[in-house]
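Engineer: Here the sequence shown is numbered in my numbering, starting from 1 and rising by one per residue.
C-beta: ideal position from N, C-alpha, C; glycine also.
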Amino acid sequence: MAVGLSAARLTRLRAVPWRWVGLALALVAVLAVPIVVIGAGVLRPAGPSWDHVAGTLLPAYVGNTVILVLGVGVLALVLGVGAAWLVTMTRFPGHRFFSWALVLPLAVPAYMAAYTWAGMLDVTGPVQRLVRTVVPGMSDAFLQWNVMRIEAVVVIFAVVLYPYVFLLSRTLLERRSGSVLESARLLGRSGWSVFFRVGVPLVRPAMAGGVALVLMEVLNDYGAVKYYGVPTFTTGIFRAWFTLGDVDTAIRLSGILMLIVLVLLVLERWQRGDARYSDAGASRFTARYPLRGWRAAGAVAFCATPLVLGFALPVAQLLAWSGRSAGTVVDAGFLVLSLNSFGLAAAAGGLAVAVAVVLAYAARIERGRLTAAATKLALLGYSVPGAVIAVGVLVAVLALDRTVLPGAATLLTATVLALLFAYLVRFMAVAFLSVESGFERVGESVRMASRTAGASPLRTLARVELPLLKGALGAAGILVFVDVLKELPLTLILRPFNFDTLATRAFQLATDEQLAASAPSALMVILTATAVLVVLHRVLANGETG
Numbered sequence: 001m002a003v004g005l006s007a008a009r010l011t012r013l014r015a016v017p018w019r020w021v022g023l024a025l026a027l028v029a030v031l032a033v034p035i036v037v038i039g040a041g042v043l044r045p046a047g048p049s050w051d052h053v054a055g056t057l058l059p060a061y062v063g064n065t066v067i068l069v070l071g072v073g074v075l076a077l078v079l080g081v082g083a084a085w086l087v088t089m090t091r092f093p094g095h096r097f098f099s100w101a102l103v104l105p106l107a108v109p110a111y112m113a114a115y116t117w118a119g120m121l122d123v124t125g126p127v128q129r130l131v132r133t134v135v136p137g138m139s140d141a142f143l144q145w146n147v148m149r150i151e152a153v154v155v156i157f158a159v160v161l162y163p164y165v166f167l168l169s170r171t172l173l174e175r176r177s178g179s180v181l182e183s184a185r186l187l188g189r190s191g192w193s194v195f196f197r198v199g200v201p202l203v204r205p206a207m208a209g210g211v212a213l214v215l216m217e218v219l220n221d222y223g224a225v226k227y228y229g230v231p232t233f234t235t236g237i238f239r240a241w242f243t244l245g246d247v248d249t250a251i252r253l254s255g256i257l258m259l260i261v262l263v264l265l266v267l268e269r270w271q272r273g274d275a276r277y278s279d280a281g282a283s284r285f286t287a288r289y290p291l292r293g294w295r296a297a298g299a300v301a302f303c304a305t306p307l308v309l310g311f312a313l314p315v316a317q318l319l320a321w322s323g324r325s326a327g328t329v330v331d332a333g334f335l336v337l338s339l340n341s342f343g344l345a346a347a348a349g350g351l352a353v354a355v356a357v358v359l360a361y362a363a364r365i366e367r368g369r370l371t372a373a374a375t376k377l378a379l380l381g382y383s384v385p386g387a388v389i390a391v392g393v394l395v396a397v398l399a400l401d402r403t404v405l406p407g408a409a410t411l412l413t414a415t416v417l418a419l420l421f422a423y424l425v426r427f428m429a430v431a432f433l434s435v436e437s438g439f440e441r442v443g444e445s446v447r448m449a450s451r452t453a454g455a456s457p458l459r460t461l462a463r464v465e466l467p468l469l470k471g472a473l474g475a476a477g478i479l480v481f482v483d484v485l486k487e488l489p490l491t492l493i494l495r496p497f498n499f500d501t502l503a504t505r506a507f508q509l510a511t512d513e514q515l516a517a518s519a520p521s522a523l524m525v526i527l528t529a530t531a532v533l534v535v536l537h538r539v540l541a542n543g544e545t546g
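(1) What does a CB cutoff of less than 7 Å around Trp50 pick up in its chain, not counting 5 residues either side in sequence?
(2) For Thr415, does the three-state DSSP call read helix, strand or coil?
(3) Compare the C-alpha of Asn340 against each of Leu485, Gly210, Val155 and name the closest.
(4) Using only CA atoms, which one of Met216, Ala113, Leu291, Ala46 lies nearest to Val159?
(5) Measure the Cβ-Cβ separation of Leu337 and Ser521 and say whether it is below 8 Å.
(6) Report the option in Tyr111, Gly368, Thr305, Pro93 whose CA atom is closest to the CA atom of Ala224.
(7) Take Gln514 as the anchor and find which of Thr116, Gly39, Gly63, Gly94 has the nearest alpha-carbon.
(8) If we call anything under 8 Å between Cβ atoms a contact, is Gly255 one with Gly39?
(9) Tell me whether Pro109 sits in a helix, a strand or coil according to DSSP, three-state version.
(10) Would you mind reading off the limits of the alpha helix (DSSP H) that contains Leu351?
(11) Check the DSSP bridge columns for Tyr289 and list the partner residues they point to.
(12) Met207 lies in the alpha helix (DSSP H); which residues open and close that run?
(13) Compute the distance between the beta-carbons of Met148 and Gly229, then report whether it is under 8 Å.
(14) Identify, in the order they occur along the chain, each residue of the same chain with its Cβ nearer than 6 Å to the Cβ of Ile493, setting aside the five sequence neighbours on each side.
(15) So, helix, strand or coil for Arg459, using DSSP?
(16) Report the residue from Arg441, Leu473, Phe342, Gly209 whose alpha carbon sits nearest the alpha carbon of Leu420.
(17) May I ask you to verify whether the stretch 367 to 387 touches the stretch 463 to 476, counting CB pairs closer than 8 Å and requiring at least 3?
(18) Can you list, in chain order, the residues of its chain with a C-beta nearer than 7 Å to that of Glu436? Leave out the 5 residues immediately preceding and following it.
(19) Alpha carbons only, please: which of Thr88, Phe92, Val535 is nearest the one belonging to Ala296?
(20) Within the continuous alpha helix (DSSP H) that includes Arg402, where are the two ends?
(21) Looking at the structure shown, is Glu174 part of a helix, part of a strand, or coil, going by DSSP?
(22) What span of residues does the alpha helix (DSSP H) with Phe238 cover, start to end?
(23) Which residue comes first and which comes last in the alpha helix (DSSP H) that contains Val36?
(24) Would you check if the distance between the CB atom of Ala431 and the CB atom of Val482 is smaller than 8 Å?
(25) Check Val263 in the structure and name its three-state DSSP category.
(26) Tell me whether Phe507 sits in a helix, a strand or coil according to DSSP, three-state version.
(27) From Trp20, Ala32, Val21, pick the residue whose C-alpha is nearest to that of Ala378; which is it?
(28) For the pair the stretch 365 to 373 and the stretch 201 to 215, tell me if three or more CB-CB distances fall below 8 Å.
(29) For Thr286 and Leu262, what's the separation of their Cα atoms in angstroms?
(30) Which residues in the same chain have their Cβ closer than 8 Å to the Cβ of Ala76, if we skip the five residues on either side of it in sequence?
(31) Which residue wins for smallest C-alpha separation from Ile35, given the options Gln128, Gly438, Arg426, Leu469?
(32) Roughly how many angstroms lie between the CA atoms of Arg495 and Val154, to the nearest whole one?
(33) Might you give, ordered along the chain, the residues of its own chain that have their beta carbon closer than 7 Å to the beta carbon of Ala346, omitting 5 neighbours on each side?
(34) In whole angstroms, give me the CA-to-CA distance for Met524 and Leu502.
(35) Near Thr415, what residues of its chain come up, given a Cβ to Cβ distance below 7 Å and the 5 sequence neighbours on each side ignored?
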């Protein structure tokens, strides 16, 4: 391609565009501020209340966190890998439906599922009413079910978060060499033997990655554990900040939570080791195991159980509650809530896509170690719980207000700008990975052809590459939009005064035991997320974006 080019032209083409690299490094430095603030705060001397928290509350935080991590991890792994194997490798009634419908519980935030299930199992809820109707002898009795337990939280987390494991495992099973599994079948291995001896080792990276995502969501949660009265690090951060007014304790708890997340990520990377999985000769299965009789019924029941518990029943209950409360709840105030939520989500999505384009393009045109390390640092926010990022942002913004802007003590604190910045830190990885995938599909030849014709990097990006990235950019923006729409702990801490979103209003009403009044807000979030998931599934199935 470079034949006939002058030496000056070749030099210009090969020169590193340091303006792009400098801009990318500056953005990464800004995105890293909240995490650096937390790390630096942990190193400061402990405050007066830390000894009390460490001696009386910290053991409960650690114990409950271990129970949640182990319980949710195992249950989500069983549900996700089992469902992925069934819909990919077998044929049973409804397997095509389950192949996409099993993703739907991702549209239901865990905290919304938590209080919906509590309402359904309450003494006046539909489950106990049904029991009293079906069993006449219990018409005047109430079943004493103590559902406000950590075991119930484990099940709720598992049935709404298992799709992370399901999606990654299903994708890996579809892409890996069919000949390996087919050979095991031809050797006379039973279905169970092929699953445990061949299938599980084959999808081990997906299992580990999916479980890591599930556990990061568990550690990020505030609403479900708060509603069920389970003390964790996230509830401790809220208590230290809002109840005790102790910034140092909140920072220390945030630092410990960051350390736990880091350990999980290191363990996930360690279990992969140096393993590499090649797609050479990969082929999708043309023949599936036909399941009949009780095996087919068992497959349907296995796939339907998490879908019903994590999506169908909560949505049905919210629809019933909304039918009773919509007349009084859906008003001008509800419209304001919707505009706040959709406006914030759209702004965060657009901002995240713009920054992701800069970072991905800088990494594309300068493939050095510095740029690669910087982009990885920018993605770290997704693995950090929202409450931790919120504390880091709030401390940093308070310091900025008091030093750089002393005459306006709350110019940035508790503003939409601080909230948008926190969303950007939290969800940058979601946008970046989609944009990076789009750049990889475009390839280097398009950019080099434009540069050879004399176009600058900016002109090449604007006129040539961005038009080819419309699908990837749209997917990135939509994914961030949905994540922001569902985010709770970060929004609760950083939202401006007298500013609510659908998520915060739903949680506040549910906490006040106004479950029916909270339903329209929750339903709006879930239906929006569901529509996005369905659209993205169709787009991905057609190969229109990555």
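Structural biologist: From the atom records:
(1) Locating residue 50 in the sequence shown gives position 50, counting from the first residue. Closer than 7 Å at Cβ, skipping near neighbours: Asp248, Thr249, Arg252.
(2) Working through the sequence shown from its first residue, we reach residue 415 at position 415. Three-state DSSP puts Thr415 in coil, outside helix and strand.
(3) As a first step, residue 340 must be located in the sequence shown, where it is residue number 340. When only C-alpha atoms are compared, the closest one is Leu485.
(4) Counting from 1 along the sequence shown, the entry for residue 159 is found at position 159. Closest by alpha carbon: Ala113.
(5) Here residue 337 corresponds to residue number 337 of the sequence shown, with the count starting at 1. Here residue 521 corresponds to residue number 521 of the sequence shown, with the count starting at 1. Contact: yes.
(6) As a first step, residue 224 is located in the sequence shown; it is residue number 224 there, counting from the start. Nearest C-alpha to Ala224: Tyr111.
(7) Working through the sequence shown from its first residue, we reach residue 514 at position 514. Measuring from the Cα of Gln514, the nearest candidate turns out to be Thr116.
(8) Mapped onto the sequence shown, residue 255 falls at position 255. Mapped onto the sequence shown, residue 39 falls at position 39. Cβ distance < 8 Å, so Gly255 and Gly39 count as in contact.
(9) Residue 109 sits at position 109 when you count from the first residue of the sequence shown. Note: Pro109 maps to coil in three-state DSSP.
(10) By one-based count along the sequence shown, residue 351 stands at place 351. Leu351 -> alpha helix (DSSP H) spans 332 to 365.
(11) Taking the sequence shown and counting its residues from 1, one reaches residue 289 at position 289. In the DSSP output, where bridge partners are listed per residue, Tyr289 has Thr90.
(12) Counted from its first residue, the sequence shown places residue 207 at position 207. It spans 204 to 220 - the alpha helix (DSSP H) in which Met207 sits, taken as one unbroken run.
(13) What you label residue 148 is simply residue 148 of the sequence shown in a count that begins at 1. What you label residue 229 is simply residue 229 of the sequence shown in a count that begins at 1. Taking 8 Å as the Cβ cut-off, Met148 and Gly229 qualify as a contacting pair.
(14) Here residue 493 corresponds to residue number 493 of the sequence shown, with the count starting at 1. Excluding positions up to five away in sequence, the list reads Ala390.
(15) Working through the sequence shown from its first residue, we reach residue 459 at position 459. Three-state result, Arg459: helix.
(16) Locating residue 420 in the sequence shown gives position 420, counting from the first residue. Residue Phe342 is the option with its Cα nearest to Leu420.
(17) no
(18) What you label residue 436 is simply residue 436 of the sequence shown in a count that begins at 1. Contacts found: Ala360.
(19) Indexing the sequence shown from 1 puts residue 296 at position 296. It is Phe92 whose Cα lies nearest to the Cα of Ala296.
(20) The residue you call residue 402 lines up with position 402 of the sequence shown. Here the alpha helix (DSSP H) through Arg402 covers 386 to 403.
(21) Looking up residue 174 in the sequence shown gives position 174. Glu174 falls in the helix class under three-state DSSP.
(22) Here residue 238 refers to the residue found at position 238 when the sequence shown is read from its first residue. Here the alpha helix (DSSP H) through Phe238 covers 233 to 238.
(23) One-based indexing of the sequence shown puts residue 36 at position 36. Run containing Val36: 33 to 43, per the alpha helix (DSSP H) assignment.
(24) Along the sequence shown, one-based indexing puts residue 431 at 431. Along the sequence shown, one-based indexing puts residue 482 at 482. Cβ distance not < 8 Å, so Ala431 and Val482 don't count as in contact.
(25) Here the question's residue 263 lines up with position 263 in the sequence shown. Of the three classes helix, strand and coil, the one that applies to Val263 here is helix, per DSSP.
(26) Counting from one through the sequence shown, the residue named residue 507 turns up at place 507. Three-state result, Phe507: helix.
(27) Taking the sequence shown and counting its residues from 1, one reaches residue 378 at position 378. Nearest C-alpha to Ala378: Ala32.
(28) no
(29) Start at 1 with the first residue of the sequence shown, and residue 286 comes out as number 286. Start at 1 with the first residue of the sequence shown, and residue 262 comes out as number 262. The predicted model places Thr286 with a pLDDT of 46, which falls under 50 and marks its position as unreliable; any figure quoted below should be read in that light. Thr286 and Leu262: Cα-Cα distance of roughly 41 Å.
(30) To locate residue 76, count along the sequence shown from 1; it is residue 76. Cβ within range, chain order: Phe157, Ala158, Leu161, Tyr162, Tyr164, Val165, Gly210, Val211, Val214.
(31) As a first step, residue 35 must be located in the sequence shown, where it is residue number 35. Among Gln128, Gly438, Arg426, Leu469, the Cα nearest to that of Ile35 is on Arg426.
(32) Numbered from 1 along the sequence shown, position 495 holds the residue referred to as residue 495. Numbered from 1 along the sequence shown, position 154 holds the residue referred to as residue 154. One C-alpha to the other measures close to 29 Å.
(33) The residue given as residue 346 occupies position 346 in the sequence shown. Excluding sequence neighbours, Ala346 sits near Phe481.
(34) Locating residue 524 in the sequence shown gives position 524, where the first residue counts as 1. Locating residue 502 in the sequence shown gives position 502, where the first residue counts as 1. Computed Cα separation, rounded: 8 Å.
(35) In the sequence shown, the residue the question calls residue 415 occupies position 415. Excluding sequence neighbours, Thr415 sits near Pro496.
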